Amino acid sequence: MDIAALPELAALKVGDHIRPPDFSAYPIPERFDPARYDPTDAAIKAYCYAIDCQDPWYFGATDRFGERIVPSAMVLKELMWFYQTRYDRSLVRGFHQREVARYHRPVPFGIPLVVTGTNTAKYVKRGRGYLIHESEARGPDGTLYVSQINTELIEMSPPAGIAESDGPAAPRRVDGPFEARREGVAFADAAKGTGLADLEVSADRAQAAVFSGIADEFENIHTNPRIAAEMGYPRVIVQGLMNVCWLSELLTRWAGPAFLSGGEITATFLKPILANDRATIRTRIARVDGRVEIEGASIGAGAEAHAVFIASVPRG
């Protein structure tokens, strides 16, 4: 494949080819042509600003990772949006419902990535329309770096002509409460019932907007207070995927290359976080065998869960 001949991912986000998001008209399966994504220094700095991440391996060589690497969760963000290179993200009034993120290898800085994706299913549940999109990013030699499956609530009113369905099976239920932890266990000492130290997180309006594509001229509930108000929210909404990115960086700090070389996260988004609200990522280790399995939640004020997670990291 001649990567240089592929269209740039950024160029596909705008243009006359973009269509209004019409749930009833989504063809299934719908395959997207490959695109080239170049994770630039500027993109890394914008991502790290948005999620308040200053880990040194994203800015230069380190003993832990060797060569400079790209945030795998930043690549995940672009994969999750890939279906919107045909559909106008500024007109979407739905919500991200579930995310399955898989990190296969650390992404070296300075290489182009080939992004491919397919809308694999759509269904109606309780009068609302959902879309499932699968996508992945590979290097010039075919190496798989990041893959993902996102489930999106696309249509808030009942679409015509589509029968109700339960959709795919839900992941295992994750229940609280989660113990608050000022100090956590080291990855090498992981044992059932222990956990990582809590991570306090928040994003202001500017961070939420940068993460959600304001540089690409997108206007949505994450970037525009007027649109958020139309949906009944007093402030812009922090994108649900930011929870996955915060957890991804926490697990990268904890497990290092092991997490980026086979780590997985399945997240279910329950309630939006608003800009300037604070939340806490809390975890507990549920199982240790060939992998360390972690259950977790993003906990807001009043101990309500904004998102719940099941993550796993391969061991040695």
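Mapping the sequence shown onto the UniProt record's numbering, position 224 (from 1) lands on 224, and the numbers just tick up by one.
Where a beta carbon is used, it is the ideal one built from N, C-alpha and C, also for glycine.
All figures in this text were calculated on a predicted structure; none of them were measured in a lab.
Item                                                                                                                       : Value
Nearest neighbour of D277, chosen from V238, E295, R253 [CA to CA]                                                         : V238
Extent of the continuous alpha helix (DSSP H) to which R278 belongs                                                        : Segment 278 to 288 is the beta strand (DSSP E) holding R278; no alpha helix (DSSP H) there.
Euclidean distance between Cα positions of I214 and T116                                                                   : 23 Å
P225 versus A208, V288, L9, A255, residue with shortest Cα-Cα distance                                                     : A208
E230 beta carbon near the ligand NAP (any heavy atom closer than 7 Å)                                                      : For the ligand NAP, the structure offers nothing, since it holds no ligand at all.
Same chain, Cβ closer than 6 Å to Q84, five either side skipped, listed in chain order                                     : none
Length of the line joining the Cα atoms of Y103 and H96                                                                    : 20 Å
Cβ-based neighbour list, E164, same chain, cut-off 7 Å, excluding 5 preceding and 5 following                              : V124, K125
Same chain, Cβ closer than 7 Å to A121, neighbours up to 5 away in sequence not counted                                    : I28, I132
Through-space distance from T62 to L91, alpha-carbon basis                                                                 : 42 Å
Cutoff 7 Å; reference D166; Cβ partners in own chain excluding five residues on either side                                : K125
Whole runs of the alpha helix (DSSP H) within the region 27 to 97, excluding any shorter than 4 residues                   : 41 to 51, 72 to 80
DSSP beta-bridge partners of G117                                                                                          : F32, S135
Assigned exposure category for R182 - 16 Cβ within 10 Å defines buried                                                     : exposed
Three-state secondary structure (DSSP) of S298                                                                             : strand
Limits of the beta strand (DSSP E) - the one that E249 falls within                                                        : Segment 241 to 255 is the alpha helix (DSSP H) holding E249; no beta strand (DSSP E) there.
Residues that Q148 bridges to, as DSSP identifies them                                                                     : A101, S135
Rounded separation between A101 and I273 - CA only                                                                         : 20 Å
Chain-order list of residues whose beta-carbon lies under 7 Å from that of G256 (same chain, five-residue window excluded) : R64
Alpha-carbon spacing of S147 relative to L79, whole angstroms                                                              : 8 Å
Cβ contact (3+ pairs, closer than 8 Å) linking the region 66 to 79 and the region 42 to 55                                 : yes
Pick from D141, W81, S157 that is closest to K13, judged by C-alpha positions                                              : W81
Residue environment, G161, which counts as buried when at least 16 other CB atoms sit within 10 Å                          : exposed
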